[in-house]
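Below is one structure, written out as structure tokens; comments come after it.
There are 2 protein chains.
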Amino acid sequence: MLSLNASLPMILNRALDGVMPAYRQLFAQYDLTEQQWRILRALWEVEDLRAAELAEQTLLPKPSLVGILDRLEARGLVERRRSNKDRRAVSIASTAKGRTLAKEVLPQAQAIHDFIRAVLPEEDWDALEHALNTLADRMKATTFAEIAAE
Amino acid sequence: MLSLNASLPMILNRALDGVMPAYRQLFAQYDLTEQQWRILRALWEVEDLRAAELAEQTLLPKPSLVGILDRLEARGLVERRRSNKDRRAVSIASTAKGRTLAKEVLPQAQAIHDFIRAVLPEEDWDALEHALNTLADRMKATTFAEIAAE
DNA sequence: TATTGTTATACTCTATAACTATA
DNA sequence: TATAGTTATAGAGTATAACAATA
Numbered sequence: 008m009l010s011l012n013a014s015l016p017m018i019l020n021r022a023l024d025g026v027m028p029a030y031r032q033l034f035a036q037y038d039l040t041e042q043q044w045r046i047l048r049a050l051w052e053v054e055d056l057r058a059a060e061l062a063e064q065t066l067l068p069k070p071s072l073v074g075i076l077d078r079l080e081a082r083g084l085v086e087r088r089r090s091n092k093d094r095r096a097v098s099i100a101s102t103a104k105g106r107t108l109a110k111e112v113l114p115q116a117q118a119i120h121d122f123i124r125a126v127l128p129e130e131d132w133d134a135l136e137h138a139l140n141t142l143a144d145r146m147k148a149t150t151f152a153e154i155a156a157e
Numbered sequence: 008m009l010s011l012n013a014s015l016p017m018i019l020n021r022a023l024d025g026v027m028p029a030y031r032q033l034f035a036q037y038d039l040t041e042q043q044w045r046i047l048r049a050l051w052e053v054e055d056l057r058a059a060e061l062a063e064q065t066l067l068p069k070p071s072l073v074g075i076l077d078r079l080e081a082r083g084l085v086e087r088r089r090s091n092k093d094r095r096a097v098s099i100a101s102t103a104k105g106r107t108l109a110k111e112v113l114p115q116a117q118a119i120h121d122f123i124r125a126v127l128p129e130e131d132w133d134a135l136e137h138a139l140n141t142l143a144d145r146m147k148a149t150t151f152a153e154i155a156a157e
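Protein chains in written order, with the numbering used here: chain A, 8 to 157; chain B, 8 to 157.
Structure, rendered in structure tokens:
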């Protein structure tokens, strides 16, 4: 029987547990949680995103998104605008204040990233990325019911 | 500049996001959260563990552990016993009821695991495990301050 | 009717620091 | 004094379902 620490979730969690503290120390300096960071990070790359797109890119459930956006908006880092084309939709964008923050934080995040990249040789990263992405894609199309039915 | 969805945390999170729903559907049938599962899973492999060991193996912070154990104990799935050798220490073990649960759930968790393993060839798994464990080890010994100082 | 985003509810987990009892 | 576990506090995120406005 498989042991706990050889299970894929635990391997992934251990890796995250190794990597995230460095990031969290950085985020903490700017009073950001990991989820808030993901949202800002996504918004800094584009003009704006609709709530549904943002939820998908950040892997955050839609009802969670609302609260996290509320907090970011209250701090003036993002802003919500009702779309004119479809009055149901909301477009979310970084504010100027948010972009100022980006200029300060992104280089430091990049430094962490570079440090991490240097731990493994380039070809290991390619293999890692490919394997994990394959897994995620394959599993996204699979439910527990299908597995149990085998 | 690096994009969000190419960052290691996001790659790992996406993989978890692909893999966990299948497990969560299973856990939900037994009213278990992911964290509760980790604890039970660890306790099913051994006679007992001390709180500190359990926290380490499950990657759960000690104060979180207390509440999660409270809930598991209230359901009669685990039990806490004060150690006689060191009256400060607490040894935590699965109850008979917990072991009955194990017999029911573990084979289904194993089925998910087998399914996941079949997605990638054996050698990819070896590479993946090795790469991620190397990363976790290397990063655990690193603080943000060190990275920033480079 | 279907979709977008939001609200409501209830709960689990987290972070940090301080505390109790042992050692 | 140091350690093991717990408590206290305050908050963030999650899950699920239901809802209002709009399409």
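Even for Gly, the Cβ is constructed at its ideal location relative to N, Cα and C.
Source: prediction; values computed, not measured.
Buried/exposed call for P16 of chain A, threshold 16 Cβ in 10 Å:
Sequence index remark: in the first sequence, residue 16 of chain A carries index 9 (1-based). Around the Cβ of P16 of chain A, a 10 Å sphere holds 16 or more other Cβ atoms; the residue is buried.
If you measure between the beta carbons of L47 of chain B and G105 of chain B, is that distance less than 8 Å?
Translated into positions along the second sequence, residue 47 of chain B becomes position 40. Translated into positions along the second sequence, residue 105 of chain B becomes position 98. Closer than 8 Å, so yes.
Considering only the alpha carbon of each residue, which of A:V26, A:A22 and A:S10 lies closest to T150 of chain B?
Along the second sequence, read from residue 1 onward, the residue named residue 150 of chain B stands at position 143. T150 of chain B has its Cα closest to that of A:V26, out of A:V26, A:A22 and A:S10.
Rounding to the nearest angstrom, what Cα-Cα distance links G83 of chain B and T102 of chain B in this structure?
For the purposes of this step, residue 83 of chain B is taken as residue 76 along the second sequence, with counting starting at 1. For the purposes of this step, residue 102 of chain B is taken as residue 95 along the second sequence, with counting starting at 1. For G83 of chain B and T102 of chain B, the distance between alpha carbons rounds to 7 Å.
Which residues in chain B have a C-beta closer than 7 Å to the C-beta of P16 of chain A? List them in chain order.
As a position in the first sequence, residue 16 of chain A is number 9, starting the count at 1. Chain-order list of chain B residues neighbouring P16 of chain A: L23, V26, M27 and Y30, by C-beta distance under 7 Å.
Would you say V126 of chain B lies against chain A (beta-carbon separation less than 8 Å)?
Within the second sequence, the letter at position 119 stands for residue 126 of chain B. Taking Cβ atoms only, chain A reaches closer than 8 Å to V126 of chain B, which makes this a yes.
Could you tell me which of A:A58, A:L67, A:S71 and A:I119 sits nearest to D93 of chain A, measuring between CA atoms?
Translated into the one-based positions of the first sequence, residue 93 of chain A becomes position 86. Ranked by Cα distance from D93 of chain A, the options A:A58, A:L67, A:S71 and A:I119 are led by A:A58.
Over the uninterrupted beta strand (DSSP E) stretch that includes E52 of chain B, give me the two end residues.
Here the question's residue 52 of chain B lines up with position 45 in the second sequence. For E52 of chain B, there is no enclosing beta strand (DSSP E), as DSSP gives it neither H nor E.
If you draw a straight line from the alpha carbon of A134 of chain B to that of E54 of chain B, how long is it in whole angstroms?
The count along the second sequence starts at 1 and reaches residue 134 of chain B at position 127. The count along the second sequence starts at 1 and reaches residue 54 of chain B at position 47. Rounded to whole angstroms, the gap between the alpha carbons of A134 of chain B and E54 of chain B is 32 Å.
E136 of chain B and I18 of chain A - do their beta-carbons sit closer together than 8 Å?
Numbered from its first residue, the first sequence carries residue 18 of chain A at position 11. Numbered from its first residue, the second sequence carries residue 136 of chain B at position 129. Yes, the Cβ-Cβ distance between I18 of chain A and E136 of chain B is below 8 Å.
Residue interval of the alpha helix (DSSP H) (run including S167 of chain A):
Since the first and last residues shown for chain A are 8 and 157, residue 167 of chain A lies out of range.
In three-state DSSP terms, what is R88 of chain B?
Translated into positions along the second sequence, residue 88 of chain B becomes position 81. In this structure, DSSP gives R88 of chain B an extended state, which the three-state scheme calls strand.
Determine the direct distance from the alpha carbon of R88 of chain B to that of A81 of chain B, and round the result to whole angstroms.
The residue given as residue 81 of chain B occupies position 74 in the second sequence. The residue given as residue 88 of chain B occupies position 81 in the second sequence. Our two residues, A81 of chain B and R88 of chain B, have alpha carbons roughly 14 Å apart in a direct line.
Residue range of the unbroken alpha helix (DSSP H) whose run includes V26 of chain B
On the second sequence, position 19 is the one that residue 26 of chain B refers to. Segment L15 to Q36, the alpha helix (DSSP H) holding V26 of chain B.
In terms of residue numbering, what span does the alpha helix (DSSP H) encompassing A152 of chain B cover?
As a position in the second sequence, residue 152 of chain B is number 145, starting the count at 1. Following the DSSP letters along the chain, one finds A152 of chain B inside the alpha helix (DSSP H) bounded by residues F151 to A156.
Is any heavy atom of the ligand ATP found at a distance shorter than 7 Å from the C-beta of R78 of chain A?
In the structure on display, the ligand ATP does not appear, and there are no ligands present to speak of.
By the criterion of Cβ-Cβ separation under 9 Å, what are the contact partners of D131 of chain B in chain A?
Along the second sequence, read from residue 1 onward, the residue named residue 131 of chain B stands at position 124. The contacting residues are A134, H137, A138 and T141.
Residue-chain proximity (S10 of chain A, chain B), Cβ-Cβ < 8 Å:
Taking the first residue of the first sequence as 1, we reach residue 10 of chain A at position 3. Output row for S10 of chain A: interface = yes.
Name, in chain order, the residues that DSSP records as bridge partners for V97 of chain A.
Start at 1 with the first residue of the first sequence, and residue 97 of chain A comes out as number 90. Looking at the DSSP assignment, V97 of chain A forms a beta bridge with A:R89.
Comparing C-alpha positions only, which one of A:T141, A:K110 and A:H120 sits nearest to E157 of chain B?
The residue labelled residue 157 of chain B in the question sits at position 150 within the second sequence. Of the listed residues, the one whose Cα sits closest to E157 of chain B is A:H120.
Just tell me which of B:A125, B:R45, B:Q64 and B:R78 has its CA closest to the CA of V112 of chain B.
In the second sequence, counting from the first residue as 1, residue 112 of chain B sits at position 105. Answer by Cα proximity: B:R45.
Figure out for me which residue from B:L66, B:Q115 and B:Q36 has the closest Cα to the Cα of L9 of chain A.
Numbered from 1 along the first sequence, position 2 holds the residue referred to as residue 9 of chain A. If we check each option's Cα against that of L9 of chain A, B:Q115 comes out closest.
Beta-carbon proximity check, Q42 of chain A vs I75 of chain A, cutoff 8 Å:
For the purposes of this step, residue 42 of chain A is taken as the residue at position 35 of the first sequence. For the purposes of this step, residue 75 of chain A is taken as the residue at position 68 of the first sequence. Closer than 8 Å, so yes.
Starting from R106 of chain A, find everything on chain B with Cβ-Cβ shorter than 9 Å and list it in chain order.
For the purposes of this step, residue 106 of chain A is taken as residue 99 along the first sequence, with counting starting at 1. Under the 9 Å cutoff, chain B gives no residues; its nearest Cβ is about 13 Å from R106 of chain A.
Identify the contact partners of R89 of chain B in chain A, using a Cβ-Cβ distance below 9 Å as the criterion.
Taking the first residue of the second sequence as 1, we reach residue 89 of chain B at position 82. Correct list: empty, because the minimum Cβ distance to chain A is about 25 Å.
Contact under 8 Å by Cβ, L39 of chain B with I99 of chain B
Within the second sequence, the letter at position 32 stands for residue 39 of chain B. Within the second sequence, the letter at position 92 stands for residue 99 of chain B. No. Outside cutoff.
Consult DSSP for P128 of chain A and reduce its assignment to one of helix, strand or coil.
The residue labelled residue 128 of chain A in the question sits at position 121 within the first sequence. When secondary structure is reduced to three states using DSSP, P128 of chain A falls in the coil class, being assigned neither helix nor strand.
Count the other CB atoms within 10 Å of the CB of V73 of chain A; is the residue buried (16 or more) or exposed (fewer)?
As a position in the first sequence, residue 73 of chain A is number 66, starting the count at 1. V73 of chain A is exposed by the Cβ-count criterion.
Counting only the same chain and skipping the five closest in sequence on each side, list residues whose C-beta sits under 6 Å from that of E52 of chain A.
Within the first sequence, residue 52 of chain A is the residue found at index 45, counting from 1. Answer for E52 of chain A: no residue qualifies.
Alpha-carbon spacing of E130 of chain B relative to N140 of chain B, whole angstroms
Taking the second sequence and counting its residues from 1, one reaches residue 130 of chain B at position 123. Taking the second sequence and counting its residues from 1, one reaches residue 140 of chain B at position 133. Distance between the alpha carbons of E130 of chain B and N140 of chain B: 15 Å.
When Cβ atoms are compared, which residues of the region 47 to 69 of chain B fall closer than 9 Å to chain A?
Of all residues in the region 47 to 69 of chain B, R48, A49, W51, E52, Q64, T65 and L66 have a Cβ within less than 9 Å of some Cβ in chain A.
Is it buried or exposed for T65 of chain B, if we count other Cβ within 10 angstroms and need 16 for buried?
Residue mapping note: residue 65 of chain B aligns to position 58 of the second sequence, counting from 1. Its Cβ being crowded by 16 or more others within 10 Å, T65 of chain B is buried.
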